[in-house]
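A.B. asks:
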Amino acid sequence: MRTRRMHEVSGHATWVVVLETGDEAMACLKRFAIEEGLDSTSLTAIGAFERATLAYFDWERKEYLPIPVDEQVEVASLTGDIVLGPDGTPVVHVHAVLGRRDGSALAGHLDSGFVRPTLELVLTETPGALRKQMDEASGLPLIRP
Amino acid sequence: MRTRRMHEVSGHATWVVVLETGDEAMACLKRFAIEEGLDSTSLTAIGAFERATLAYFDWERKEYLPIPVDEQVEVASLTGDIVLGPDGTPVVHVHAVLGRRDGSALAGHLDSGFVRPTLELVLTETPGALRKQMDEASGLPLIRP
Amino acid sequence: MRTRRMHEVSGHATWVVVLETGDEAMACLKRFAIEEGLDSTSLTAIGAFERATLAYFDWERKEYLPIPVDEQVEVASLTGDIVLGPDGTPVVHVHAVLGRRDGSALAGHLDSGFVRPTLELVLTETPGALRKQMDEASGLPLIRP
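Residue numbers (this note's numbering), protein chains in the order written: chain S, 1 to 145; chain R, 1 to 145; chain B, 1 to 145.
(1) Is DSSP giving Met134/R helix, strand or coil here?
(2) Where does Gln133/R land, buried or exposed, given buried means 16+ other C-beta within 10 angstroms?
(3) Let me know the secondary structure DSSP gives Arg4/S once reduced to three states.
(4) Along the beta strand (DSSP E) that carries Leu110/B, what are the first and last residues, could you check?
(5) Give, in chain order, every residue of the region 21–36 of chain R whose Cβ lies closer than 8 Å to some Cβ of chain S.
(6) Can you find a CB in chain R that lies within less than 8 Å of the CB of Ile46/S?
(7) List the endpoints of the continuous beta strand (DSSP E) containing Arg51/R.
(8) My output table needs one value for Glu36/S: the three-state DSSP class, helix, strand or coil.
(9) With DSSP run on the structure shown, which of helix, strand or coil describes Ala25/S?
(10) Would you call the region 50–66 of chain S and the region 100–109 of chain S touching, i.e. three or more CB-CB distances under 8 Å?
(11) Taking only the alpha-carbon atoms, compute the straight-line gap between Leu19/R and Arg5/R and give it to the nearest angstrom.
(12) Which residues of chain B have a Cβ atom closer than 7 Å to the Cβ of Met1/S, listed in chain order?
(13) Determine whether the Cβ of Pro127/S lies closer than 8 Å to any Cβ atom of chain R.
(14) Measure the C-alpha to C-alpha separation of Arg2/S and Leu119/S and round it to an integer number of angstroms.
(15) How about Glu74/B and Ala96/B: are their beta carbons less than 8 Å apart?
(16) If you compare alpha carbons, which of Arg144/R, Thr89/R and Leu98/R is closest to Leu29/R?
(17) What number of angstroms, rounded off, separates the C-alpha of Leu65/B from the C-alpha of Ala129/S?
(18) Flag Leu98/B as yes if its beta-carbon sits less than 8 Å from any beta-carbon of chain A, otherwise no.
(19) With C-beta atoms as the reference, is Pro145/S less than 8 Å away from Gly85/S?
(20) Under 8 Å, do Val115/B and Thr44/B count as touching if we go by C-beta distance?
(21) Is Met134/S near the ligand ZN - that is, is its Cβ less than 7 Å away from at least one heavy atom of it?
(22) Provide the residue(s) that pair with Asp102/B in DSSP beta bridges, ordered along the chain.
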């Protein structure tokens with residue numbers, strides 16, 4: 001993981017983060033968020049994964065069902081945010097669209113993605129800590145701005 | 001719909017807008033754009049829909065064909081813009097990629113999306129009103145910067 | 001191709017670029033990047049293509065395999081970046097998700113996309129030139145921030 005703080009205007013900073021072969025995207029983002037104290041950040045990325053696990057939230061069971069992706073895929077879209085969870089530590093929430101060898105697409109919540117050879121992320125901080133609160137209806141922590 | 005103006009630098013404001021179960025995304029964005037007088041704004045989001053209607057523009061017929069999505073889906077990508085239409089009121093234009101239970105993806109123009117349990121939007125205003133003009137060849141209002 | 005520089009805050013500029021029927025997206029972005037001297041820029045877009053060529057990076061062969069898309073498609077997501085290549089000229093790197101008539105999605109690296117009727121791009125410059133270096137393991141130029 002290589003990172004660079006590109007600039008800052010009144011607390012609005014932009015970071016470029018580039019992950020490399022073997023990096024797992026969600027773990028890297030979590031570590032980076034903790035190290036830099038990110039409390040309200042949006043992010044986008046493109047690149048490729050050697051393998052990944054997407055997930056689908058089953059509304060009846062109130063749980064995420066894993067969708068293993070055991071093949072090299074293009075990361076065609078990766079969008080997410082980082083805000084403080086109910087316990088005050090950063091929560092990284094990412095959704096992704098993956099492109100397979102034949103061009104067909106897979107999409108969902110991103111549980112894990114093992115980078116190969118690169119994942120190019122742009123993170124944009126905005127001042128003002130956002131916080132998640134537990135939502136009883138879904139059992140998920142949701143942003144309450 | 002809960003909204004928060006995060007910061008502003010010389011007219012460049014960022015909003016976080018969080019929609020909740022039962023909110024219809026396009027109607028909420030239209031109402032928000034009118035209330036806040038948005039005239040040049042880009043947006044991204046992730047979350048989930050209980051159901052949605054995508055659309056595909058049929059070039060021969062010059063009309064959008066609806067694609068009903070009658071199932072809970074992950075909103076893997078949602079990208080759009082808000083600019084002034086030919087009549088001076090804000091036009092919200094959104095495309096989305098949706099992830100199904102098996103991880104397969106649906107994609108297109110977003111006609112409507114009923115949120116469940118959350119849709120986390122980031123809106124970025126840029127100073128300088130953009131305007132759409134009717135395009136004779138397509139019959140659509142297109143941005144003319 | 002119509003372009004408008006929306007604003008600038010300490011070197012952080014935002015551009016709106018609108019492509020029209022017949023424009024090829026990658027060639028237009030390359031030309032625009034050279035003309036404006038873009039060295040560190042991220043971009044997103046929505047719109048539609050008359051036809052396009054996606055690509056998938058085959059890790060064993062170390063080459064991109066073309067995926068022809070010979071039909072009108074919605075550009076549901078288009079994400080990319082522009083940084084300086086090893087030779088100092090701008091490299092445009094774009095991934096896209098395309099929506100077909102039946103709502104099914106195609107995703108991958110974008111080789112070319114012929115616009116019809118519009119592609120609405122937002123480009124965000126960040127100060128500080130980023131540069132790609134050749135990566136021996138993949139044979140690709142990768143960003144080294």
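Built from N, CA and C at the ideal position, the CB exists for glycine as well.
C.D. replies: The answer reads as follows:
(1) Residue state, collapsed to three classes: strand.
(2) Exposed, by the Cβ-count rule.
(3) Arg4/S falls in the strand class under three-state DSSP.
(4) Where Leu110/B is concerned, the enclosing beta strand (DSSP E) stretches over Ala105 to Glu125.
(5) Flagged, chain order: Thr21.
(6) No, no contact with chain R.
(7) The continuous beta strand (DSSP E) containing Arg51/R extends over residues Ser40 to Asp58.
(8) In the three-state reduction of the DSSP assignment, Glu36/S falls in the helix class.
(9) Three-state DSSP puts Ala25/S in a helix.
(10) These segments touch.
(11) Distance between the alpha carbons of Leu19/R and Arg5/R: 15 Å.
(12) Neighbours of Met1/S on chain B: none; closest Cβ ~10 Å, over 7 Å.
(13) Closer than 8 Å: yes.
(14) Near 11 Å, if we compare the C-alpha coordinates of Leu119/S and Arg2/S.
(15) Contact annotation: Glu74/B and Ala96/B have beta-carbon atoms that are not nearer than 8 Å.
(16) Nearest to Leu29/R by alpha-carbon distance, out of Arg144/R, Thr89/R and Leu98/R, is Thr89/R.
(17) Rounded to whole angstroms, the separation of the alpha carbons of Ala129/S and Leu65/B is 44 Å.
(18) Looking at the structure shown, chain A is missing, and the protein chains on hand are S, R and B.
(19) Not a contact, by the Cβ cut-off of 8 Å.
(20) Contact: no.
(21) This structure lacks the ligand ZN, and indeed carries no ligand of any kind.
(22) Answer is none; Asp102/B lacks a bridge partner.
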